[in-house]
Every structure is written in C-alpha cells, then in structure tokens.
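Remarks on the structure that follows.
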Amino acid sequence: MAQSRDGGNPFAEPSELDNPFQPPPAYEPPAPAPLPPPSAPSLQPSRKLSPTEPKNYGSYSTQASAAAATAELLKKQEELNRKAEELDRRERELQHAALGGTAIQPCFFQDISMEIPQEFQKTVSTMYYLWMCSTLALLLNFLACLASFCVETNNGAGFGLSILWVLLFTPCSFVCWYRPMYKAFRSDSSFNFFVFFFIFFVQDVLFVLQAIGIPGWGFSGWISALVVPKGNTAVSVLMLLVALLFTGIAVLGIVMLKRIHSLYRRTGASFQKAQQEFAAGVFSNPAVRTAAANAAAGAAENAFRAP
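Numbering (the numbering used here), first residue to last: 10 to 316.
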C-alpha cells in the first residue's frame, strides 16, 4: 500500500504547499468574544438642594453656636441703629435751634421710649403724670386760696403761702425726685434710687398735709374747705375739688413709692452700690479733685514747715 504524502517521507517530492518561496497566507485574527450588552444609563436626575434647604456644614452644636452668634450680632446692630437714630434726631434738633437764632436751650432732655427699658416705661410715665397733676393741683390751690382771700380778707397768709408753694414745689419736685427717679431707671443707679426714696417720702408727707388742708398753711384741703363761711358755695366747691385732687395725688404717690421700691429690690441694687457710685461720682468731679489736691499740697507744705 502506497504511503501518502502526509506520512512524513523525507524523500518525497515537495508539493506546492511545501514551497518555501511561496508567501505565507494573510493573517486572520481570531474572532473576538461577544461583549455583554451595555446596560441602559440611569435616567434619574441628580438631586439638587433647594434654595431654602439648609446645607449640612457641621454638627448641630456648631450650627447652634453660629445661630446664637448671629442673633447676638443682630441684636447689637439693632441697638447701634437705635442709638444712631437718636443721635441723628438730636443733631436735627440742635440744627433747628441754631437756625432759629435763639439762645434758649432746654434744661433737661428726656425720651421715655428711647432711654428707659421697656419694662419700666409705664412706671416712669405714671410718675411723670403724677408730677404734672401735682403742678396742676398747686395752680388750682392758688386759685382757691385767691377766691378764699377775696371772700375772707383775714386769709392773706394762706394766699401768700399758696403763691410760694407754686413757685417752690413745681421746679423742686421735678429736680429733686422726678429726675433722680428717671436717671435711676435709665442707668440702673442705686444712688439715684436712694435720693428718690428719701425725697419722695417727704413729698408724700406734703401730699397728705395738702389734702388735710390746715388753715393758714396755704393748702385748700378738707379742713380749709369745710371752714369756709356759709353763703360762699362757689368758693367751697372749688376748695373741695382741690382737696379731692390733693387726696388722689397723695394716694397715688404712696402706691407708686411702694411699687418703685419693689422694682428697686428686684434690680439687684444695694446701699453698698450706691456708696460706690457716690464715691466714683465725687472723685470724677474736676472741682473736687482740684480741691483735694490743693488740700493735700497745703497739708504737706505745713508738715514740712513745722519745726
């Protein structure tokens, strides 16, 4: 049996397939493996924060401290704005006064809504109305004493004293007890509280005496109104109205004294604080410092001159 060419006979004639000079066949790359189908992209849109949605920048404590700091800054800004508005208003008032060409300036400035804390504004306003009512009562008392003097000429002393009380008590009551009370609530001053308590207690005693109306003292109180001679009904009615007004003022004065004392006890003021304020106020006065320095210098000079 003849052997085939593929049997590996080395002596067999080479065929065309074994021609070494024949160019090799073209390279055919192997078929690539089938790729898995690409997954469909997700159509869910990316989430965006709304303008009003807060961003989480840190822990809760950090956000709370930042909010507290922001609130404190806003509070300080409001206070600065309020003071700036007050300064602008005062500047406009000064400019208006300068344009007016008058040398008369107000002796006192007060603005209860701006200078007094809100929880004390009602009390300060009531005291201001009390002072105005006392001034009105003194004016009516003067008219009642004038009418009584016209009816009964031996009442000249009471009429003269009624004029003195109007001229004396009106400015003194404003300066001696209303202004200390105003400054006490404005700056939480223990010293001004003590000044007010002492002077207003004396003022309440005077209110009671005015309501009683001792004849010859210049007060148209109950006694003076009841001793008016019969037949002078108009004078008697006027004096009774003044006595009723004095009584109402005395009662309101006692009530307000107790109320302000209770407020004073809740503010944390004390007698030691009043002493410290008094000492600081005295030593901050240039005249007092100059007098003390001169006294110390004189004492030292006398000590050196002494044998």
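Where a beta carbon is used, it is the ideal one built from N, C-alpha and C, also for glycine. Because the structure is a prediction, the values reported are computed rather than measured.
For residue i, count the other beta carbons within 10 Å of its own beta carbon; 16 or more makes it buried, fewer makes it exposed. Which is it?
{"i": "F202", "result": "buried"}
{"i": "Q212", "result": "buried"}
{"i": "S196", "result": "exposed"}
{"i": "G165", "result": "exposed"}
{"i": "C116", "result": "exposed"}
{"i": "L247", "result": "buried"}
{"i": "F216", "result": "buried"}
{"i": "L173", "result": "exposed"}
{"i": "M136", "result": "buried"}
{"i": "S319", "result": "The structure shown does not extend to residue 319, since the chain is modelled only from 10 through 316, so no value can be given for it."}
{"i": "F207", "result": "exposed"}
{"i": "L235", "result": "exposed"}
{"i": "V214", "result": "exposed"}
{"i": "L96", "result": "exposed"}
{"i": "S271", "result": "exposed"}
{"i": "L249", "result": "buried"}
{"i": "S233", "result": "buried"}
{"i": "P60", "result": "Because P60 carries a pLDDT of 49, less than 50, the predicted location of this residue cannot be relied on, and no value is offered for it."}
Can you give the beta carbon distance from residue i to residue j, rounded, assuming they're within the 8 Å contact cut?
{"i": "F194", "j": "F129", "result": "5 Å"}
{"i": "L170", "j": "W226", "result": "6 Å"}
{"i": "S157", "j": "V244", "result": "6 Å"}
{"i": "P224", "j": "G167", "result": "7 Å"}
{"i": "F209", "j": "N150", "result": "Actually they do not touch by this definition, with Cβ atoms about 20 Å apart."}
What does a CB cutoff of less than 7 Å around residue i pick up in its chain, not counting 5 residues either side in sequence?
{"i": "V260", "result": "none"}
{"i": "Y191", "result": "Q119, V133"}
{"i": "N241", "result": "V160"}
{"i": "R99", "result": "none"}
{"i": "V204", "result": "P189"}
{"i": "M265", "result": "T135, M136, L139"}
{"i": "F178", "result": "L147"}
{"i": "T71", "result": "none"}
{"i": "T144", "result": "T179"}
{"i": "L155", "result": "F168"}
{"i": "I3", "result": "Here the chain covers residues 10 to 316 and nothing more, so residue 3 does not appear."}
Once the 5 residues before and after residue i are set aside, which same chain residues still bring their CB inside 8 Å of it?
{"i": "A146", "result": "Q219, V251, L254, F255, I258"}
{"i": "R268", "result": "T132"}
{"i": "L152", "result": "L247"}
{"i": "R91", "result": "M123"}
{"i": "P238", "result": "V160, E161"}
{"i": "P126", "result": "F194"}
{"i": "G16", "result": "Residue placement at G16 is flagged as unreliable, the pLDDT there being 49, under the threshold of 50; the coordinate-derived value follows with that caveat. Answer for G16: no residue qualifies."}
Starting from the C-beta of residue i, find all residues in its chain whose C-beta is less than 6 Å away, skip the five residues before and the five after it, and write them out in chain order.
{"i": "C403", "result": "Any question about residue 403 goes unanswered here, given that the chain covers just 10 to 316."}
{"i": "Y273", "result": "F202"}
Touch test, the stretch 177-191 against the stretch 125-142, Cβ-Cβ under 8 Å, three pairs minimum = Contact holds: three or more Cβ-Cβ distances are below 8 Å.
Segments assigned alpha helix (DSSP H), at least 4 residues, entirely inside the stretch 231-275 | The qualifying runs are 231-235, 242-275.
Entirely enclosed alpha helix (DSSP H) segments - the stretch 151-217, minimum 4 residues = Fully enclosed alpha helix (DSSP H) runs of 4 or longer: 165-182, 188-196.
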